[in-house]
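Asks: The structure that follows is given in the form of structure tokens.
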Ligand code: SF4
Ligand code: MSK
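As structure tokens, then:
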């Protein structure tokens, strides 16, 4: 076992070796025990929707094959695919719903642990939902907004307000004409489950169509609500310095890792963990203090708003426990490996589950209730402090850490590029039109032990930067970029082509912009809407020189994200193919025909550098179509150019 074949991250390599020496299993080991994985499952042609099955189709069979009910490979794979979308959209949207409920509680109560932190955003978002804002108190506006967003989940009439309030008009027209404008969030997810039941639809394109409607209800609905309401409730992010990788753990302090996805509990833990009384308690136990860090997207939430360091991304959750210095790993929902339960048993680490939706064998459950948020957060921090004295020895913490700047949003990119007093996307559009920036790419998504950890993200991002493509990133991809130093402003000079490098250095931004967690992929959608609205790059997102990618994806949420980018007009490249390759017509539709219907399409490419070049080719073809490649000749910046770019 060569750790370099498992991870490109030095801190992770060190911990992988330690796990091997200690005889502890991790995700890479378990993947090996699973090999060879089921070919039918991989190709998407296994069905167990009813008990006449399970049925499977041999994709290499001479004769056409059918399940017992007569379903062919395209039907089976399409049903499986859209069920993945249903699950992914449900996960994001349920996160949005929970944040919206907390928001409702906050605006309706006079004595609550949460309060509105961003009044300006409250008014902006409320206005989009058609709520009167002039002359009204924040609490009144907030009450109306809470009701409006909560009704998006279950309403029976009309279409999503946000699907009309945020995307460019030309994009809305595409959806209307194709018949995929989402009606309500829950309804689209439920309808997938209905349509894929035995004996309902078998037309693979019609099945995908419902998948599209549900994923749009996720990206422009549930995820967007999660982002917008979190900004209002917990504060909109602003560029902030952070440290990243396992080296942020401190052997002298009480280490608490917040892991999962939602900000509701973690935001309160951030506040209470520095209360003098708790710090004193920690000192009385012999610790230097309380050290909070994050894992996966809860990390991104606390990093974006508070600069809390990131211990790692998805494949580092077991490695963090292996350091032996984690007193408590507190988890909420999503991307939490069940393996943590038994692994924590081998150490003093307490795994604490907090959501009734997520209980794990071997974990202690302290149920989180928003109306007692501070009290519960204190209880968890105290438990960690008490556990400090149970630690055996100094532990083994890898030294590797990096620093960077995160905290970019649709709104503040506006000011970074256009200046505080004349915020505008104009300089970004102008630099794309004049060719200094060739285009933009969203590189997002998970880790997957089938790819060398972080390598796919980093190789792809570096190739894009070298070719003057600006990168925005979320989720575990953003953490990978942060750990590799790509979120330092100085990275522009090292990794970017001359055009992008010059723009980044002039404006003072890193070449990879961290825009948040998985639900914050909705920020990328609204950034694209703003670029279209700014003018000069076409009328629709599908005309923009942009592309998306998930080079190490693994979760069903990534399928929903990928599909909502495709359905919003974005060419999207993923490494591990969607499990559809056993269904020829469906595969051809997703990678070709779908473009005629929604403007975007999928591509599958495991080699991250080749994948980057597919994205670059696409970006250049969009530039050609816009007629802006003619204006691409290089020139040195004169003072006038620099003035146009500088931050006021
Ligand atoms: Fe087999 Fe059809 Fe039942 Fe699927 S739905 S398990 S293909 S009989
Ligand atoms: S945490 S969904 S592993 S990005 Fe959002 Fe990372 Fe993927 Fe989970």
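In my numbering, the protein residues as written are 18 to 665.
By construction, the Cβ of each residue, glycine as well, lies at the ideal position given by its N, Cα and C atoms.
1. Using the DSSP secondary-structure output, state which residues sit across from residue 667 in a beta bridge.
2. Tell me whether the beta-carbon of residue 482 lies closer than 8 Å to the beta-carbon of residue 445.
3. Compute the Euclidean distance between the alpha carbons of residue 663 and residue 255, then round it to the nearest angstrom.
4. Closer than 8 Å is the cut-off here; do at least three beta carbon pairs connect the segment 222–231 with the segment 528–540?
5. For the alpha helix (DSSP H) that residue 50 lies in, which residues bound it at each end?
6. Cβ of residue 55 versus every heavy atom of the ligand SF4: is any distance shorter than 7 Å?
7. Three-state secondary structure (DSSP) at residue 649?
8. Hey, quick one: how far does the alpha helix (DSSP H) through residue 101 stretch, first residue to last?
9. Per DSSP, residue 398 is paired with what?
10. In chain order, what residues place their C-beta within less than 5 Å of a heavy atom belonging to the ligand GDP?
11. Could you give the uninterrupted runs of the alpha helix (DSSP H) lying entirely in the segment 278–323, keeping only those of 4 residues or more?
12. Which of helix, strand or coil does DSSP assign to residue 463?
13. If I'm right that residue 116 touches residue 156 with Cβ under 8 Å, what's the distance once you round it to whole angstroms?
14. Using a Cβ-Cβ cutoff of less than 6 Å, which residues in the same chain neighbour residue 36 once the five nearest sequence positions on both sides are dropped?
15. Between residue 234 and residue 245, what straight-line distance do the alpha-carbon atoms span, to the nearest angstrom?
16. Kindly indicate the opening and closing residues of the alpha helix (DSSP H) around residue 531.
17. On the criterion of 16 or more Cβ atoms from any shown chain inside 10 Å, does residue 357 qualify as buried, or is it exposed?
18. Can you determine whether any heavy atom of the ligand MSK sits closer than 7 Å to the C-beta of residue 534, and answer yes or no?
19. Residue 565 to residue 632, Cα distance in whole Å?
20. Can you tell me where the alpha helix (DSSP H) with residue 450 in it begins and where it stops?
21. Determine the DSSP secondary structure at residue 240, reduced to helix, strand or coil.
22. What is the residue span of the alpha helix (DSSP H) that residue 550 lies within?
23. Suppose you measure from the CA of residue 645 to the CA of residue 283; what does that come to, to the nearest Å?
24. Answer with buried or exposed for residue 55, where buried requires no fewer than 16 other C-beta atoms within 10 angstroms of its C-beta.
25. Along the beta strand (DSSP E) that carries residue 368, what are the first and last residues, could you check?
26. On the DSSP letters alone, give me the boundaries of the alpha helix (DSSP H) that residue 338 sits inside.
27. Mind checking who residue 347 pairs with in its DSSP beta bridge?
28. Tell me whether the beta-carbon of residue 593 lies closer than 8 Å to the beta-carbon of residue 619.
29. If you compare alpha carbons, which of 409, 290, 320 is closest to residue 400?
30. Would you kindly work out how many angstroms separate the C-alpha atoms of residue 535 and residue 316, rounded to a whole number?
31. At which residues does the alpha helix (DSSP H) containing residue 473 begin and terminate?
32. Classify residue 114: buried if its beta carbon has 16 or more other beta carbons within 10 angstroms, exposed otherwise.
33. Could you spell out the range, first to last residue, of the alpha helix (DSSP H) harbouring residue 206?
34. List the whole-angstrom C-beta distance separating residue 263 from residue 337, where the pair is believed to meet the contact cut-off of C-beta under 8 Å.
Replies: In short:
1. There is simply no residue 667 to check, as the chain begins at 18 and stops at 665 in what is shown.
2. Translated into the one-based positions of the chain shown, residue 482 becomes position 465. Translated into the one-based positions of the chain shown, residue 445 becomes position 428. Against a cut-off of 8 Å, the Cβ pair of residue 445 and residue 482 comes out as no contact.
3. Within the chain shown, residue 663 is the residue found at index 646, counting from 1. Within the chain shown, residue 255 is the residue found at index 238, counting from 1. Reliability fails at residue 663, whose pLDDT of 45 lies under 50, so the model's placement of it is uncertain and no value is given.
4. no
5. Reading the chain shown from its first residue, position 33 is the one you call residue 50. 44–51 is the span of the alpha helix (DSSP H), which, as asked, contains residue 50.
6. The count along the chain shown starts at 1 and reaches residue 55 at position 38. Not so, every heavy atom of the ligand SF4 lies at least 7 Å from the Cβ.
7. Counting from 1 along the chain shown, the entry for residue 649 is found at position 632. Only weak support is given to the placement of residue 649: the predicted model assigns it a pLDDT of 49, under 50, and the value that follows is read from those uncertain coordinates. Residue 649 falls in the coil class under three-state DSSP.
8. Residue numbering aside, residue 101 sits at position 84 when the chain shown is read from its first letter. Looking at the DSSP string, the run of the alpha helix (DSSP H) that includes residue 101 is 90–125.
9. Locating residue 398 in the chain shown gives position 381, counting from the first residue. Note: residue 398 sits in no beta bridge, so no partner.
10. As presented, the structure is devoid of the ligand GDP, carrying the ligand SF4 and the ligand MSK as its sole ligands.
11. 280–289, 293–301, 313–323
12. As a working note, residue 463 is residue 446 in the chain shown. Residue state, collapsed to three classes: coil.
13. Taking the first residue of the chain shown as position 1, residue 116 is located at position 99. Taking the first residue of the chain shown as position 1, residue 156 is located at position 139. In fact, because the Cβ distance is near 18 Å, the residues do not count as touching under 8 Å.
14. Here residue 36 is taken as the residue at index 19 of the chain shown, counted from 1. So the list reads 43, 339, once near-sequence residues are dropped.
15. Numbered from its first residue, the chain shown carries residue 234 at position 217. Numbered from its first residue, the chain shown carries residue 245 at position 228. Using only the alpha carbons, I get a separation of about 15 Å.
16. Here residue 531 is taken as the residue at index 514 of the chain shown, counted from 1. Element bounds for residue 531: not the alpha helix (DSSP H) but the beta strand (DSSP E), 529–531.
17. The residue labelled residue 357 in the question sits at position 340 within the chain shown. Buried, by the Cβ-count rule.
18. Here residue 534 refers to the residue found at position 517 of the chain shown. Yes, Cβ of residue 534 sits closer than 7 Å to a heavy atom of the ligand MSK.
19. Taking the chain shown and counting its residues from 1, the one referred to as residue 565 is at position 548. Taking the chain shown and counting its residues from 1, the one referred to as residue 632 is at position 615. Approximately 8 Å, taken between the alpha carbons.
20. For the purposes of this step, residue 450 is taken as the residue at position 433 of the chain shown. Note, residue 450: alpha helix (DSSP H), 443–450.
21. Counting from 1 along the chain shown, the entry for residue 240 is found at position 223. Three-state result, residue 240: helix.
22. Working through the chain shown from its first residue, we reach residue 550 at position 533. Here the alpha helix (DSSP H) through residue 550 covers 538–551.
23. For the purposes of this step, residue 645 is taken as the residue at position 628 of the chain shown. For the purposes of this step, residue 283 is taken as the residue at position 266 of the chain shown. So the alpha carbons of these two residues sit roughly 46 Å apart.
24. Locating residue 55 in the chain shown gives position 38, counting from the first residue. Exposed, since its Cβ has fewer than 16 Cβ neighbours within 10 Å.
25. The residue labelled residue 368 in the question sits at position 351 within the chain shown. Element bounds for residue 368: 367–370.
26. Counting from 1 along the chain shown, the entry for residue 338 is found at position 321. Counting along the chain, the alpha helix (DSSP H) containing residue 338 begins and ends at 334–339.
27. Indexing the chain shown from 1 puts residue 347 at position 330. 275, 369.
28. Counted from its first residue, the chain shown places residue 593 at position 576. Counted from its first residue, the chain shown places residue 619 at position 602. Result no, Cβ atoms of residue 593 and residue 619 do not sit closer than 8 Å.
29. Along the chain shown, one-based indexing puts residue 400 at 383. Selected option, being the one with the closest Cα: 290.
30. To locate residue 535, count along the chain shown from 1; it is residue 518. To locate residue 316, count along the chain shown from 1; it is residue 299. Going from the Cα of residue 535 to the Cα of residue 316 covers about 11 Å.
31. The count along the chain shown starts at 1 and reaches residue 473 at position 456. It spans 472–483 - the alpha helix (DSSP H) in which residue 473 sits, taken as one unbroken run.
32. Residue 114 sits at position 97 when you count from the first residue of the chain shown. So residue 114 counts as buried.
33. Numbered from its first residue, the chain shown carries residue 206 at position 189. Run containing residue 206: 202–212, per the alpha helix (DSSP H) assignment.
34. In the chain shown, residue 263 corresponds to position 246, counting from 1. In the chain shown, residue 337 corresponds to position 320, counting from 1. Confirmed, about 6 Å.
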